[in-house]
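Enquirer: Could you have a look at this structure, given as structure tokens, before my questions?
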Amino acid sequence: MQKKPRILVVGSFVMDVIAVTKQVPKSGQTVYGTAFQMAPGGKGANQALQCARLGADVTMVGCIGDDLFGETLLEMPREAGMDLSHVMVRKGMHSGIGHVTLEVTEHTAQNRIVVIPGANQTLQVDEIAWLKEEIGTFDIVLLQLEVPIEVNRAVAKWAKDAGVPVMLNPAPATELDDELLSYVTYLTPNEQEASQEMHLPLRIGESGPRDSDLQEIAAALRKKGVKHVIITLGEYGSAVVKENDLRYVPSVKMPHVADPTAAGDSFTGAFCTGLTAGLSKREALAFASHTAAITVSRMGAMPALPKLEEVLALMEEREFQEIDTTKLDCLK
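Anchor point for the sequence shown: position 136 equals 146 in our numbering, and the numbering is continuous, going up by one each time.
Rendered as structure tokens:
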């Protein structure tokens with residue numbers, strides 16, 4: 011049996027403050043909300059926790075503030091057995107905050123998020139210099155864009171030099187420099203991020219996204235050194251583009267969509283876990299789609315992320331047999 015995968019995540023911790031409403035207010039307008047809750051999250055912590063709940067051995071590097079939210083943000087990762095010894099506490103600073111407006115209608119749930127980075131943006135390269143020697147002990151490295159870009163650039167270079175694949179989830183959308191992209195093995199933008207970051211259109215028609223737009227974006231990314239481009243497309247699933255080969259991976263439909271907040275993080279974490287556990291890329295994508303489907307059926311970020319047994323149960327319920335689940339025994 012393959013060994014349990016070791017995954018490194020360098021990224022953010024964010025406490026989500028969630029207002030649920032039937033209608034997002036327009037400029038100058040006030041509307042009533044229907045519910046309120048707080049839930050721990052942050053793109054880095056979400057992806058790390060998803061990997062850990064699926065059974066991977068996860069080390070998390072990041073920063074929290076010394077406020078009330080800081081300790082709360084560590085509770086679920088600690089329960090999942092993550093190595094948090096490299097999470098730093100910033101005195102006199104607040105932890106990252108995510109202001110989430112969740113518009114829930116009869117058929118859909120859509121979110122709008124404002125992130126206040128707080129302590130996340132204080133992470134410095136010299137504080138994580140130890141990784142340069144240790145990074146080769148990991149099976150994959152996960153990065154996002156809620157910590158300073160120079161940190162991501164340094165970690166990605168160290169990983170590439172050590173022969174360790176790098177997954178970059180380029181969110182929130184921002185300008186990506188060519189040096190960082192040259193170190194990236196897997197890139198998982200959503201449709202808005204892919205279009206915005208490459209300054210290319212991604213048009214969605216009645217039957218879904220335009221193939222030609224997807225191929226043009228992926229070609230531009232490959233020219234910058236990215237080996238594998240996976241564009242997540244919400245209800246349309248995801249698109250894997252390699253040279254002239256475009257393949258869609260369908261989304262897994264659930265009876266009810268409660269909150270899409272951590273869907274992309276769940277997908278990314280599950281894909282990396284499945285891949286390092288021994289699944290093929292095709293199998294890992296299907297595994298990720300089933301994992302993310304459970305996540306969107308629940309409220310909150312970290313609280314929504316499923317465990318391995320839940321994902322396996324959903325695949326069995328849907329009679330999905332395109333994954334050799336014995337490859338996942340190392341995660342149990």
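Cβ atoms here follow ideal geometry from the backbone N, Cα and C, with glycine treated the same way.
Output the boundary residues of the alpha helix (DSSP H) element that contains residue 282.
Expert: Taken as a continuous stretch (DSSP letters only), the alpha helix (DSSP H) holding residue 282 covers 273 to 287.
Enquirer: Buried or exposed, going by whether 16 or more other CB atoms sit within 10 Å of the CB of residue 57?
Expert: Residue 57 comes out buried.
Enquirer: Whose C-beta lies closer than 7 Å to the C-beta of residue 186 among residues of the same chain, with five residues either side of it excluded?
Expert: 180, 207
Enquirer: Keeping to the same chain, check which residues put their C-beta closer than 6 Å to that of residue 129; ignore five residues upstream and five downstream.
Expert: 73, 74, 75, 100, 103, 105
Enquirer: When DSSP labels each residue in this structure, what does residue 144 get in the three-state scheme?
Expert: helix
Enquirer: Check whether the Cβ atoms of residue 269 and residue 309 sit closer than 8 Å, and answer yes or no.
Expert: yes
Enquirer: Buried or exposed for residue 140, please, with buried defined as at least 16 other CB atoms from any protein chain shown within 10 angstroms of its CB.
Expert: With fewer than 16 neighbouring CB atoms inside 10 Å of its own CB, residue 140 falls in the exposed class.
Enquirer: Is residue 155 helix, strand or coil by DSSP?
Expert: Shown here, residue 155 sits in coil according to DSSP, grouped into three states, outside any helix or strand.
Enquirer: Starting from residue 50, trace the beta strand (DSSP E) in both directions and tell me its first and last residue.
Expert: 43 to 51
Enquirer: What are the uninterrupted segments assigned as alpha helix (DSSP H) that are 4 or more residues long and contained completely in the segment 57 to 134, given in chain order?
Expert: List check, alpha helix (DSSP H) in window: 78 to 89.
Enquirer: How would you call residue 161, buried or exposed, if buried means at least 16 neighbouring beta carbons within 10 angstroms?
Expert: buried
Enquirer: For residue 199, write down the residues that DSSP places opposite it in a beta bridge.
Expert: For residue 199, which the question treats as bridged, DSSP gives no partner whatsoever.
Enquirer: Determine the contact status of residue 71 and residue 109, defining contact as a CB-CB distance below 8 Å.
Expert: no
Enquirer: Looking only at DSSP bridge pairs, what is residue 269 linked to?
Expert: DSSP, once it has assigned bridges, lists no residue as partnering residue 269.
Enquirer: Along the chain, where does the beta strand (DSSP E) containing residue 248 start, and where does it finish?
Expert: Residue 248 -> beta strand (DSSP E) spans 248 to 252.
Enquirer: In this structure, what does DSSP give as the bridge partners for residue 255?
Expert: 252
Enquirer: Do you know offhand how far residue 163's Cα is from residue 116's?
Expert: 43 Å
Enquirer: Hey, residue 303 and residue 281: beta-carbon distance below 8 Å or not?
Expert: no
Enquirer: Work out the CA separation of residue 15 and residue 53 for me, nearest whole Å.
Expert: 20 Å
Enquirer: Do the CB positions of residue 222 and residue 245 come within less than 8 Å of each other?
Expert: No, Cβ-Cβ distance for residue 222 and residue 245 is not below 8 Å.
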